[in-house]
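I have placed the structure first, in the form of structure tokens, so that the comments after it can refer back to it.
Number of protein chains: 2
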Amino acid sequence: MTEHKQMPAAAGERPKRRLGKNGDGAERHDAIYRHISDAIIEHRLKPGARLREDALAEVFGVSRTGIRKILQRLALEQLVTLTPRRGASVTRPTADEAKDVFDARQMVECGLMPEVARRVTAADLRELRDMARREREALRSGEQSVAIKLSAAFHERLARLSGNATLAEFVGRLCSRSSLILAVYGNTGHLGCESHDHDDLIRFLEEGNGERAKAFMSRHLKAIEASLSITEEEDETPDLHQIFSG
Amino acid sequence: MTEHKQMPAAAGERPKRRLGKNGDGAERHDAIYRHISDAIIEHRLKPGARLREDALAEVFGVSRTGIRKILQRLALEQLVTLTPRRGASVTRPTADEAKDVFDARQMVECGLMPEVARRVTAADLRELRDMARREREALRSGEQSVAIKLSAAFHERLARLSGNATLAEFVGRLCSRSSLILAVYGNTGHLGCESHDHDDLIRFLEEGNGERAKAFMSRHLKAIEASLSITEEEDETPDLHQIFSG
DNA sequence: GGGAATAAAAGCGTATACAATGGAAGCTCG
DNA sequence: CGAGCTTCCATTGTATACGCTTTTATTCCC
């Protein structure tokens with residue numbers, strides 16, 4: 002696994018000056034958290050994948066204690082599922098959860114658009130355009146993983162422009178979970194966000210037309226949801242009795 | 002501090018018995034979590050109060066390990082603040098955070114009302130009425146702490162009736178944080194929710210009038226927010242330069 | 001030969017021990 | 001007498017060790 006492709010600077014930082022076991026412990030844990038989180042969002046860790054504490058501890062060079070903390074945090078964000086005696090695994094969202102997440106996004110992200118349109122600055126627009134461009138480039142070069150993460154980041158950034166940190170954080174989590182939903186129910190080849198959608202959205206925001214942005218976001222999210230093939234797969238205990246009793 | 006007034010029965014359990022160390026560990030931790038969470042929401046632990054790990058571990062008869070886990074969970078729900086080398090303390094919400102929380106509640110809780118009105122059943126209405134009654138009784142008997150918790154529980158229960166677990170959980174957290182905000186910015190004597198408001202809301206839901214329920218919820222939340230005295234207390238770094246430079 | 005039971009191994013849950021850091025108090029020097 | 005520095009203590013951060021549960025593999029019996 003070429004994990005070092007986006008290894009944070011802190012990881013490459015040699016502890017030459019101070020073997021700050023505690024000093025950089027916090028950011029180290031944060032870095033590990035982000036590594037695992039990114040791996041899940043980018044579908045490098047697929048839903049259902051087991052995350053053994055020992056293995057993670059060995060990979061990242063920390064003790065199980067730190068890994069457990071990170072795993073709990075991921076569990077609270079519902080990116081991983083903690084089964085009492087079985088350990089952690091990447092969450093496999095149910096169809097109901099998928100619907101809830103997209104309904105929530107519909108309500109919050111759309112509701113935020115007018116305020117975003119009101120507050121967006123030229124610098125913000127530039128940054129959004131840059132993010133959309135990078136996303137398009139990733140999509141074109143076939144890096145689906147990166148494109149998915151950038152798309153989620155775009156939506157979260159957008160929400161953050163509303164000025165409401167609480168709602169922005171919530172949107173961020175919804176986007177992360179959406180990425181998981183895409184991994185389970187998404188059709189390969191048809192990614193979540195159309196490449197030009199985000200650019201169109203930026204244009205409405207530039208015009209200061211909050212209502213149009215809101216309506217467009219609604220269609221945008223509906224399109225993503227519609228692109229999913231929500232088939233309640235009974236992977237667990239495949240109802241053998243029912244199947245063969247007929 | 003007469004904290005033992007609702008000391009859990011399990012606290013008397015001697016740690017000698019290794020029986021069920023793991024078995025009831027999960028629910029035990031959950032119980033401890035709820036105890037601390039309730040204490041915060043009921044204002045028995047006031048914002049700024051420090052929560053030392055050793056003290057909590059001793060009180061609840063578990064090791065610091067379990068306490069740390071619970072503290073982290075509370076931190077992720079923003080009920081406690083974890084300062085890197087200083088430990089945990091009950092979060093003291095800022096004025097900005099208070100505004101964000103109430104704006105978020107405005108958006109989500111109001112947006113949920115139509116769906117709630119559509120789905121609410123007779124049994125649900127009965128339960129809601131019961132909760133409202135208990136809240137009224139607590140308020141009348143002077144038990145502000147209990148009333149505050151019941152009020153938050155009412156709002157969360159309401160959101161849960163929408164069928165969207167994700168949004169309901171989010172509302173639950175917002176209500177918890179609102180309780181914290183009330184503790185900091187609320188005027189004593191004027192509690193958050195007027196006693197009859199919830200009953201009125203139930204009536205609109207009973208009529209199936211989602212729009213009126215939505216409008217009423219909006220006024221309700223605005224009333225709560227308006228009752229706060231948001232005075233940005235500059236406890237931290239009192240801007241000495243600005244104060245004495247004029 | 002197949003199924004079930006038992007034993008062994010692997011992995012998680014909890015506690016305890018140790019190390020490091022920040023704060024506070026006391027001491028010394030100006 | 002006050003301020004700064006140093007030392008000590010209180011408290012958190014991290015690791016490791018141990019016990020328990022679950023799972024899997026092997027063996028025995030039908």
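Those protein sequences? They're chains A and B, same order as listed.
This note's numbering numbers the first residue of the first sequence as 2 and each following residue consecutively.
This note's numbering numbers the first residue of the second sequence as 2 and each following residue consecutively.
Every residue, glycine too, gets a C-beta built ideally from N, C-alpha and C.
Which of helix, strand or coil DSSP assigns to glutamate 4 of chain B: Confidence is the limiting factor: at glutamate 4 of chain B the pLDDT is only 36, short of 50, which leaves the residue's position unreliable and the question unanswerable from this model.
Among B/Leu46, B/Ser230, B/Arg130, B/Val109, the one whose alpha carbon lies nearest that of glutamate 207 of chain B: Its Cα nearest to that of glutamate 207 of chain B, the residue B/Arg130 stands out among B/Leu46, B/Ser230, B/Arg130, B/Val109.
Where glycine 24 of chain A sits in the DSSP three-state scheme: Residue confidence for glycine 24 of chain A is low, a pLDDT of 44 falling below 50, so the modelled location carries little weight; the figure read from the coordinates is stated next. Glycine 24 of chain A falls in the coil class under three-state DSSP.
Of the listed residues A/Asp55, A/His44, A/Thr66, A/Lys47, nearest to histidine 30 of chain A (C-alpha basis): Comparing Cα-Cα distances from histidine 30 of chain A to each of A/Asp55, A/His44, A/Thr66, A/Lys47, the minimum goes to A/Thr66.
Test item: CB-CB of aspartate 125 of chain A and leucine 162 of chain A under 8 Å: Their beta carbons are under 8 Å apart, which means aspartate 125 of chain A touches leucine 162 of chain A by this criterion.
Chain B contact for glycine 24 of chain A (CB, 8 Å cutoff): Note on glycine 24 of chain A: pLDDT 44, under 50, position unreliable in the model; no value is reported.
Leucine 168 of chain A to phenylalanine 103 of chain B span [Cα, whole Å]: Straight-line Cα distance between these residues: approximately 11 Å.
Distance between alanine 160 of chain B and asparagine 250 of chain B (C-alpha atoms, nearest Å): Because residue 250 of chain B is not part of the residues shown, which for chain B are 2 to 247, the question remains open.
Among B/Arg204, B/Thr84, B/Ala50, B/Glu78, nearest to serine 179 of chain B - alpha-carbon criterion: Ranking the options by Cα distance to serine 179 of chain B, first place goes to B/Glu78.
Chain-ordered chain B contacts of methionine 218 of chain A [CB-CB under 8 Å]: The contacting residues do not exist; methionine 218 of chain A stays about 14 Å from chain B at best.
Member of A/Ser146, A/Ser152, A/Gly62, A/Gly173 whose CA lies at the smallest distance from the CA of arginine 45 of chain A: When each option's Cα is compared against that of arginine 45 of chain A, the closest is A/Ser146.
Min CB distance proline 94 of chain B to chain A below 8 Å: At a cut-off of 8 Å between C-beta atoms, proline 94 of chain B does not count as an interface residue with respect to chain A.
Collapsed DSSP secondary structure at threonine 84 of chain A in the structure displayed: Of the three classes helix, strand and coil, the one that applies to threonine 84 of chain A here is strand, per DSSP.
When B/Ala76, B/Ile203, B/Pro85, B/Ser230 are compared against alanine 118 of chain B, the one with the closest alpha-carbon: Nearest C-alpha to alanine 118 of chain B among B/Ala76, B/Ile203, B/Pro85, B/Ser230: B/Ile203.
Partners in chain A for glycine 112 of chain B, counting only beta-carbon separations shorter than 8 Å: Chain order gives the chain A residues near glycine 112 of chain B as Met108, Gly112, where near means a beta carbon separation below 8 Å.
Inter-residue Cα distance where the pair is alanine 50 of chain B and leucine 72 of chain B: Approximately 13 Å between the Cα atoms of the pair.
Endpoints, alpha helix (DSSP H) assigned at threonine 66 of chain B: Residue range 65-77 is occupied by the alpha helix (DSSP H) that includes threonine 66 of chain B.
Sequence-distant residues of its chain with Cβ nearer than 7 Å to valine 81 of chain B (five each side left out): The beta carbon of valine 81 of chain B sits closer than 7 Å to the beta carbons of Leu52, Leu72, Leu75, Ala89, Ser90, Val91, Thr92 from its chain, once the five residues preceding and following it are set aside; these are given in chain order.
C-beta atoms of phenylalanine 155 of chain A and glutamate 138 of chain A nearer than 8 Å: No, the pair does not count as a contact, with Cβ atoms beyond the cut-off.
8 Å contact criterion, which tyrosine 186 of chain A and alanine 99 of chain A should meet: CB distance rounded: The beta-carbon distance between tyrosine 186 of chain A and alanine 99 of chain A, rounded to whole angstroms, is 6 Å. This is short enough to meet the 8 Å contact definition.
Distance between proline 115 of chain B and asparagine 165 of chain A (C-alpha atoms, nearest Å): Their Cα atoms are separated by approximately 24 Å.
N- and C-terminal bounds of the alpha helix (DSSP H) containing lysine 223 of chain A: Counting along the chain, the alpha helix (DSSP H) containing lysine 223 of chain A begins and ends at 211-227.
Range of the contiguous alpha helix (DSSP H) that encloses leucine 168 of chain B: 166-186 is the extent of the alpha helix (DSSP H) around leucine 168 of chain B.
Beta bridge counterpart(s) of serine 230 of chain A as assigned by DSSP: By DSSP's assignment, serine 230 of chain A forms no beta bridge with any residue.
Proline 85 of chain A: contacting residues in chain B (beta-carbon distance under 7 Å): Residues of chain B passing the Cβ test: Ala27.
Which of helix, strand or coil DSSP assigns to arginine 119 of chain A: In the structure shown, arginine 119 of chain A sits in a helix (DSSP, three-state: H, G or I).
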